[in-house]
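Participant:
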């Protein structure tokens with residue numbers, strides 16, 4: 056720690072306020088093996104107390120965790136004014152591991168405290184990580200309560216005071232043309248996504264592409280929707296018999312760039328293999344849950360409809376029931392449209 060002359064200048068020498076190997080759990084390999092490692096200090100002040108949280112252990116390992124110092128004296132530059140707590144305050148679970156590098160922010164209305172940190176995406180050594188957020192609070196004794204790390208994909212209530220998007224007044228009908236682009240968020244190279252009068256083009260290769268790359272182009276409706284609903288859309292395939300997946304996303308959260316860069320369900324038609332598929336993505340991979348043969352003529356418009364009720368999903372192709380599946384991984388989220396390495400035009404979207 057050091058006194059500051061300005062936001063970028065020190066006003067005196069640095070003082071070491073703690074060692075990095077006071078406890079076995081601070082070592083990179085736990086149980087006192089490897090070496091001590093304390094990093095990423097972050098101030099956390101409550102009405103009655105002042106803390107510095109820090110990350111410790113190996114950031115490349117699932118055992119990364121948070122420790123805590125408390126200022127018990129009056130001078131923060133006095134090492135004896137700090138007390139290190141003898142146990143970590145935030146550790147991994149079976150599903151969320153390698154947690155650390157925390158910071159703390161208030162909700163928009165200032166009534167809640169939120170914990171922002173990163174966790175590993177797998178248990179292999181390395182820094183493949185994702186950002187997590189979850190609520191926390193301060194106990195009556197002035198100590199922060201971090202609780203357990205949330206599971207990947209967990210759906211949380213919005214921070215207090217955040218303006219929520221209005222739920223769609225159902226039935227919701229969109230022409231998916233240039234005038235209806237505003238309610239949608241697009242994910243993918245902009246050259247492959249366009250709202251035209253005839254509908255939404257996903258995966259269309261421009262005549263003169265620049266740094267063109269496919270990434271599973273998709274659009275997500277910004278409006279909140281009920282958990283149980285019917286979604287129908289008309290698809291026009293433009294790649295003939297070589298056309299691949301195009302269809303509907305539902306109960307979708309955490310959308311980002313990438314083929315499987317979202318959590319939720321997907322119902323799609325594949326003319327190349329005459330298949331109707333239903334599956335889910337977890338943000339990094341696709342898992343097929345059901346499939347059915349389908350007579351798909353890519354020269355003609357195809358209608359696709361899915362009914363979602365609880366954990367049961369019924370899919371209709373060109374007005375006929377084609378597939379029924381059950382899964383309870385995701386219970387809420389937004390709707391969207393998606394293609395995988397193909398060009399399709401979406402029109403006549405109806406949500407009821």
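In our numbering, the protein residues as written are 56 to 407.
The beta-carbon is built from N, C-alpha and C at its ideal position, and this holds for glycine as well.
No experiment lies behind these values; they were computed from the predicted model shown.
1) Give the DSSP bridge partners of residue 169, in chain order.
2) Below 8 angstroms, how does it come out for the region 112-129 and the region 80-87: are there three or more Cβ pairs, yes or no?
3) Assign residue 135 to one of three DSSP states: helix, strand, or coil.
4) Look at the Cβ atom of residue 293, then the Cβ atom of residue 208, and state whether they are nearer than 8 angstroms.
5) Give the DSSP-derived three-state secondary structure of residue 61 in the structure shown.
6) May I ask you to report which of helix, strand or coil DSSP gives residue 198?
7) Using only the alpha-carbon positions, how far apart do residue 298 and residue 145 sit?
8) Might you give, ordered along the chain, the residues of its own chain that have their beta carbon closer than 8 angstroms to the beta carbon of residue 381, omitting 5 neighbours on each side?
9) Going by DSSP, name the residue or residues bridged to residue 34.
10) Give the DSSP-derived three-state secondary structure of residue 249 in the structure shown.
11) Apply the 10 Å Cβ neighbour rule to residue 240 and answer buried if 16 or more other Cβ atoms are within range, or exposed otherwise.
12) Given this structure, state the Cα-to-Cα distance separating residue 184 from residue 173, to the nearest angstrom.
13) Can you tell me which of 188, 386, 127 and 281 puts its alpha carbon nearest to the alpha carbon of residue 224?
14) Residue 260 to residue 333, Cα distance in whole Å?
15) Using three-state DSSP, classify residue 414 as helix, strand or coil.
16) Taking residue 384 as part of the beta strand (DSSP E), name the residues at either end of that continuous run.
17) Leaving out five residues on either side along the sequence, give the residues of the same chain with a beta carbon under 8 angstroms from the beta carbon of residue 59.
18) I'd like the span of the beta strand (DSSP E) that includes residue 461, first residue to last.
19) Around the Cβ of residue 357, are there at least 16 other Cβ atoms within 10 angstroms (buried) or fewer (exposed)?
20) Report the rounded CA-to-CA distance for residue 90 versus residue 125, giving the unit in angstroms.
21) Which two residues bound the contiguous beta strand (DSSP E) that contains residue 96?
22) Is the region 240-251 in contact with the region 187-204, if contact means three or more CB pairs nearer than 8 angstroms?
23) Classify residue 352: buried if its beta carbon has 16 or more other beta carbons within 10 angstroms, exposed otherwise.
24) Taking the beta strand (DSSP E) that residue 241 belongs to, which residues open and close that run?
25) Compute the beta-carbon to beta-carbon distance between residue 107 and residue 151, rounded to the nearest angstrom, for a pair I have assumed lies under 8 angstroms.
26) May I have the straight-line CA-CA distance separating residue 322 from residue 236, to the nearest angstrom?
27) Am I right that residue 386 and residue 306 are in contact with their C-beta atoms under 8 angstroms? What's the rounded C-beta distance?
28) Return yes when the Cβ of residue 110 is within less than 8 angstroms of the Cβ of residue 155, no when it is not.
29) Taking C-alpha atoms, which residue in 159, 103 and 407 lies nearest to residue 284?
Facilitator: Let's see:
1) For the purposes of this step, residue 169 is identified with residue 114 of the chain shown, where counting begins at 1. DSSP lists 160 and 190 as partners of residue 169.
2) These segments touch.
3) Along the chain shown, one-based indexing puts residue 135 at 80. Judged by DSSP in its simplified three-state form, residue 135 adopts helix.
4) Numbered from 1 along the chain shown, position 238 holds the residue referred to as residue 293. Numbered from 1 along the chain shown, position 153 holds the residue referred to as residue 208. Contact: no.
5) Taking the first residue of the chain shown as position 1, residue 61 is located at position 6. Residue 61: strand per DSSP, three-state reduction.
6) Within the chain shown, the letter at position 143 stands for residue 198. Note: residue 198 maps to coil in three-state DSSP.
7) Translated into the one-based positions of the chain shown, residue 298 becomes position 243. Translated into the one-based positions of the chain shown, residue 145 becomes position 90. Approximately 48 angstroms between the Cα atoms of the pair.
8) Locating residue 381 in the chain shown gives position 326, where the first residue counts as 1. Closer than 8 angstroms at Cβ, skipping near neighbours: 366, 367 and 368.
9) Residue 34 falls outside the range modelled here, since the chain spans only 56 to 407, and no answer is possible.
10) Here residue 249 refers to the residue found at position 194 of the chain shown. In the structure shown, residue 249 sits in a strand (DSSP, three-state: E or B).
11) Stepping through the chain shown from its first residue, residue 240 is reached at position 185. Exposed, since its Cβ has fewer than 16 Cβ neighbours within 10 Å.
12) The residue labelled residue 184 in the question sits at position 129 within the chain shown. The residue labelled residue 173 in the question sits at position 118 within the chain shown. CA-CA distance, residue 184 to residue 173, rounds to 6 angstroms.
13) Taking the first residue of the chain shown as position 1, residue 224 is located at position 169. In terms of CA proximity to residue 224, 281 leads the group 188, 386, 127 and 281.
14) In the chain shown, residue 260 corresponds to position 205, counting from 1. In the chain shown, residue 333 corresponds to position 278, counting from 1. Residue 260 and residue 333 have their alpha carbons spaced roughly 26 angstroms apart.
15) The first residue shown for the chain is 56 and the last is 407, placing residue 414 beyond what the model contains.
16) Residue mapping note: residue 384 aligns to position 329 of the chain shown, counting from 1. Taken as a continuous stretch (DSSP letters only), residue 384 belongs to no beta strand (DSSP E), as it is neither H nor E.
17) The count along the chain shown starts at 1 and reaches residue 59 at position 4. Excluding residues within five positions, the ones whose Cβ falls inside 8 angstroms are 65 and 66.
18) Only positions 56 to 407 of the chain appear in this structure, which leaves residue 461 out of reach.
19) What you label residue 357 is simply residue 302 of the chain shown in a count that begins at 1. Classification of residue 357: buried, given that the 10 Å Cβ count is 16 or more.
20) On the chain shown, residue 90 is found 35 positions in, with the first residue counted as 1. On the chain shown, residue 125 is found 70 positions in, with the first residue counted as 1. Going from the Cα of residue 90 to the Cα of residue 125 covers about 23 angstroms.
21) Counting from 1 along the chain shown, the entry for residue 96 is found at position 41. First-last of the beta strand (DSSP E) with residue 96: 93-100.
22) In short, these stretches do not touch, since the Cβ pair count stays below three.
23) Taking the chain shown and counting its residues from 1, the one referred to as residue 352 is at position 297. Exposed, by the Cβ-count rule.
24) In the chain shown, residue 241 corresponds to position 186, counting from 1. Element bounds for residue 241: 239-242.
25) Counted from its first residue, the chain shown places residue 107 at position 52. Counted from its first residue, the chain shown places residue 151 at position 96. That belief does not hold up - the Cβ atoms of residue 107 and residue 151 are roughly 23 angstroms apart, past 8 angstroms.
26) Residue 322 sits at position 267 when you count from the first residue of the chain shown. Residue 236 sits at position 181 when you count from the first residue of the chain shown. About 22 angstroms.
27) Residue 386 sits at position 331 when you count from the first residue of the chain shown. Residue 306 sits at position 251 when you count from the first residue of the chain shown. The pair is a contact, with the Cβ atoms about 7 angstroms apart (cut-off 8 angstroms).
28) On the chain shown, position 100 is the one that residue 155 refers to. On the chain shown, position 55 is the one that residue 110 refers to. Yes; because the gap between Cβ atoms is below 8 angstroms, this pair is in contact.
29) If you number the chain shown from 1, residue 284 lands on position 229. That would be 407, whose Cα lies nearest to the Cα of residue 284.
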